[in-house]
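A short write-up of the structure that comes next.
2 protein chains.
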Amino acid sequence: MAGKKQFDMDTALDAAMIQFWRAGYADTSVDDLSRATGLNRSSIYSSLGDKDTLFLRCLDRYAARYGDKYDAALSCAASEPLAAVRAFFDVTLERIADPELPDGCLIAQSAMAIPVLSPAVAAHARQALGFQRLRLRAALKAGRMTDQDAETFAVHAAAVNQSLAVMSRAGASPAQLLAIVDVTVDALSQALRAQRGRF
Amino acid sequence: MAGKKQFDMDTALDAAMIQFWRAGYADTSVDDLSRATGLNRSSIYSSLGDKDTLFLRCLDRYAARYGDKYDAALSCAASEPLAAVRAFFDVTLERIADPELPDGCLIAQSAMAIPVLSPAVAAHARQALGFQRLRLRAALKAGRMTDQDAETFAVHAAAVNQSLAVMSRAGASPAQLLAIVDVTVDALSQALRAQRGRF
DNA sequence: TCTATCTTGAACTGATCGGTCCAAGATGTG
DNA sequence: CACATCTTGGACCGATCAGTTCAAGATAGA
Numbered sequence: 001m002a003g004k005k006q007f008d009m010d011t012a013l014d015a016a017m018i019q020f021w022r023a024g025y026a027d028t029s030v031d032d033l034s035r036a037t038g039l040n041r042s043s044i045y046s047s048l049g050d051k052d053t054l055f056l057r058c059l060d061r062y063a064a065r066y067g068d069k070y071d072a073a074l075s076c077a078a079s080e081p082l083a084a085v086r087a088f089f090d091v092t093l094e095r096i097a098d099p100e101l102p103d104g105c106l107i108a109q110s111a112m113a114i115p116v117l118s119p120a121v122a123a124h125a126r127q128a129l130g131f132q133r134l135r136l137r138a139a140l141k142a143g144r145m146t147d148q149d150a151e152t153f154a155v156h157a158a159a160v161n162q163s164l165a166v167m168s169r170a171g172a173s174p175a176q177l178l179a180i181v182d183v184t185v186d187a188l189s190q191a192l193r194a195q196r197g198r199f
Numbered sequence: 001m002a003g004k005k006q007f008d009m010d011t012a013l014d015a016a017m018i019q020f021w022r023a024g025y026a027d028t029s030v031d032d033l034s035r036a037t038g039l040n041r042s043s044i045y046s047s048l049g050d051k052d053t054l055f056l057r058c059l060d061r062y063a064a065r066y067g068d069k070y071d072a073a074l075s076c077a078a079s080e081p082l083a084a085v086r087a088f089f090d091v092t093l094e095r096i097a098d099p100e101l102p103d104g105c106l107i108a109q110s111a112m113a114i115p116v117l118s119p120a121v122a123a124h125a126r127q128a129l130g131f132q133r134l135r136l137r138a139a140l141k142a143g144r145m146t147d148q149d150a151e152t153f154a155v156h157a158a159a160v161n162q163s164l165a166v167m168s169r170a171g172a173s174p175a176q177l178l179a180i181v182d183v184t185v186d187a188l189s190q191a192l193r194a195q196r197g198r199f
C-alpha cells in the first residue's frame with residue numbers, strides 16, 4: 001500500500017482537529033491521533049508533522065474555518081449591526097448544537113492551557129482571540145459606534161463568545177446559552193439606540 | 001524524620017491547588033506536586049491521597065475559598081443589587097490582579113477538561129459552576145428582580161465571570177477585563193431601573 | 001533508655017508517552 | 001516484466017507517567 005497516498009488529507013486533518021478539540025493537547029496522545037485519523041504513526045509524522053506542528057495546523061485550520069463564518073455573519077454590520085452581532089453568536093451556538101462536533105472551542109481550550117503550551121502554539125491561540133476582538137470592533141465601527149464603545153463591546157462580545165465554550169462543556173442547556181447571549185445583545189441594542197438618539 | 005508530621009497541611013494543600021490551577025490536571029505530574037509542596041511522593045500518597053483524590057480536594061478547597069468571597073460580595077444584594085454584582089466581579093478581578101496567584105480559574109479550567117476528567121471530578125466542576133449561578137440568582141431575587149430576569153442575568157453573569165478566566169489567560173489587560181464586566185453591569189443597571197420603573 | 005509507631009526518602013514496577021527506524025510491499029514508469 | 005519511489009505497519013528507543021514498597025530513622029510514651 002504505497003506509491004500513492006492512502007488517505008485524504010482534509011479528512012485526516014479534520015479528524016485530528018476534532019480529537020484535539022474534544023480532548024485538548026495534553027490529553028491527546030499520538031496513538032489517539034492515529035486512531036482518530038486512521039493513519040499509522042509513521043504516516044502521521046511524515047505527512048502531518050510532529051504533535052506540536054500538527055496541533056498548530058489544527059488550531060489554524062479551526063481559526064480559519066470558523067473565522068470565515070464569523071466574518072460572514074458580521075458582513076451586514078454596516079447596515080444592521082445588531083443583526084450582525086446576533087448572527088455572530090449564532091455561529092457559535094449552532095456549532096455547539098451540532099451533535100457531530102465536540103462542545104467547547106479549540107481556541108478557548110488552548111487559551112486556558114497557554115502556560116503549558118509551546119510558545120508558538122500559545123502565540124497562535126492569543127492571536128486567534130485577538131482577531132476575534134478586531135473582527136467585532138471593525139463590525140461595530142462599521143455599524144457607526146464610537147471608537148470607544150466599539151472597543152468595549154468588542155472585547156465584551158469576544159469574552160462572552162468564549163464563555164459559551166466553558167458553559168457548554170459544563171452542560172449548560174441551549175436555552176441557557178441563548179440567555180447568556182441575549183443579555184449581551186440587549187445591551188448592544190441599548191447602546192446602539194442611545195448612539196442613534198444623539199443625532 | 002518521623003513520628004510527627006514534617007509539614008503544614010494547609011500550606012501543602014495550597015501549594016498543590018496552585019500547581020493544579022496553573023498547569024491543569026493533565027499537565028501536573030505527581031513529581032510536580034512533590035516539588036510544589038516540598039513533600040515526597042510517599043508522603044503525598046499517604047497524607048493527601050492519589051492524584052485524582054488530591055485534585056478533588058483542591059477543587060473543593062478552591063470552590064469553598066472563593067465561594068465564601070463571592071457570597072460575601074453578594075451579601076448586600078437585597079439593598080444594593082448593582083453594587084453586589086459589581087463586588088462579585090471584583091472578587092474575580094482582584095484574584096486575577098494578584099501576582100501571587102495564577103491567572104485563570106481552576107473551576108473554568110476543569111470545566112473545559114470535563115470530557116477527559118474522571119466522573120467524580122467532572123461532577124464537582126459542574127456543581128461548582130451550578131452553585132455560582134444559584135448564588136447570583138438568589139442575590140438578584142433578593143434585589144427584587146423577577147424570577148425570569150434573575151435566572152437570565154444569573155447565568156449571564158456566571159458565564160461572563162468564567163470568560164474572565166479565558167481572557168486573562170490569553171493576556172487581556174486589567175482594563176479589558178474591566179470593560180468586559182462593565183457592559184454586563186451596565187446591562188444589569190438598565191434592567192434594575194426598568195424593573196423599578198414598573199411600580 | 002528501650003520500644004513501638006509513624007513519616008520519610010529513594011528505589012522500583014509496569015504502562016504509556018513522543019519520536020525514530022526500517023523492512024515489506026504497492027505504485028507508476030519504462 | 002523490471003526498477004526506482006514512496007507509503008505503510010510495526011518494532012523499537014529513552015523518558016516520564018502514576019502508583020507501590022520498604023528500610024532508615026526520628027519521635028513519643030514508658
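Protein sequence lines correspond, in order, to chains V and H.
When the letters of the first sequence are read in order and numbered with the UniProt record's numbering, they come out as residues 1 to 199.
When the letters of the second sequence are read in order and numbered with the UniProt record's numbering, they come out as residues 1 to 199.
Using N, Cα and C, we set each Cβ at its ideal position, and we do this for glycine too.
Keep in mind the model is a prediction, meaning the values are calculated, not measured.
Quick one: any contact between the segment 167–177 of chain V and the segment 164–175 of chain H, if contact means 3 or more CB pairs under 8 Å? no
Determine the burial state of residue 49 (chain V): buried for a count of at least 16 other Cβ atoms within 10 Å of its Cβ, exposed for fewer. The residue is exposed, with fewer than 16 neighbouring Cβ atoms inside 10 Å.
Selection from H:75, H:91, H:159, H:123 that minimises the alpha carbon distance to residue 60 (chain H): H:123
Taking Cβ-Cβ distances shorter than 9 Å, what residues in chain H pair up with residue 190 (chain V)? The answer, in chain order, is 186, 187, 190.
Name, please, each residue of chain V whose Cβ falls closer than 8 Å to the Cβ of residue 174 (chain H). Counting only Cβ-Cβ distances below 8 Å, residue 174 (chain H) has no contacts in chain V at all, with the closest Cβ about 12 Å away.
Using a Cβ-Cβ cut-off of less than 7 Å, give me the residues of the segment 135–155 of chain V that come near chain H, in sequence order. 152, 153, 155
What are the boundary residues of the alpha helix (DSSP H) that includes residue 7 (chain H)? It is not in any alpha helix (DSSP H) - residue 7 (chain H) carries neither H nor E in the DSSP assignment.
So, at 7 Å on beta carbons, what are the nonlocal neighbours of residue 135 (chain V) in its own chain, with the 5 sequence-adjacent residues on each side left out? 70, 71, 74
Check residue 112 (chain H) in the structure and name its three-state DSSP category. helix
Should residue 110 (chain H) be flagged as near chain V, meaning a C-beta pair shorter than 7 Å? Not closer than 7 Å to any Cβ of chain V, the Cβ of residue 110 (chain H) fails to qualify, so no.
From residue 126 (chain V) to residue 117 (chain V), what distance separates their C-alpha atoms? Straight through space, the alpha carbons of residue 117 (chain V) and residue 126 (chain V) are spaced by roughly 12 Å.
Between residue 129 (chain H) and chain V, is any beta-carbon pair separated by less than 7 Å? yes
Considering residue 201 (chain V), what are the terminal residues of the alpha helix (DSSP H) in which it resides? Past the edges of chain V, shown from 1 to 199, lies residue 201 (chain V), and the structure says nothing about it.
So what does DSSP say about residue 58 (chain H), is it helix, strand or coil? In the three-state scheme derived from DSSP, where H, G and I count as helix and E and B as strand, residue 58 (chain H) is classed as helix.
Contacts that residue 180 (chain V) makes with chain H (C-beta to C-beta distance below 7 Å): 155, 156, 159
Using only the alpha-carbon positions, how far apart do residue 217 (chain V) and residue 147 (chain V) sit? The displayed coordinates of chain V run from 1 to 199. Any statement about residue 217 (chain V) would go beyond what the structure contains.
Are three or more beta carbon pairs between the segment 82–93 of chain H and the segment 180–188 of chain H nearer than 8 Å? The segment 82–93 of chain H and the segment 180–188 of chain H touch, with no fewer than 3 CB-CB distances between them shorter than 8 Å.
Proximity to residue 208 (chain V) [Cα-Cα], best of V:113, V:14, V:129, V:66: In the structure as shown, chain V begins at 1 and stops at 199. Residue 208 (chain V) is therefore absent and cannot be evaluated.
State the CB to CB distance for the pair residue 167 (chain H) and residue 132 (chain V), rounded to an integer number of angstroms; the pair is presumed to be in contact (CB under 8 Å). Not really, about 11 Å apart at Cβ, beyond 8 Å.
Can you look up residue 90 (chain V) in the DSSP assignment and give me helix, strand or coil? helix
Report the neighbours of residue 167 (chain V) on chain H: residues whose CB is nearer than 9 Å to its CB, in chain order. 111, 129, 155, 158, 159, 162
Tell me where the alpha helix (DSSP H) around residue 169 (chain H) begins and ends. 147–169
What three-state label does DSSP hand residue 98 (chain V) in the structure shown? coil
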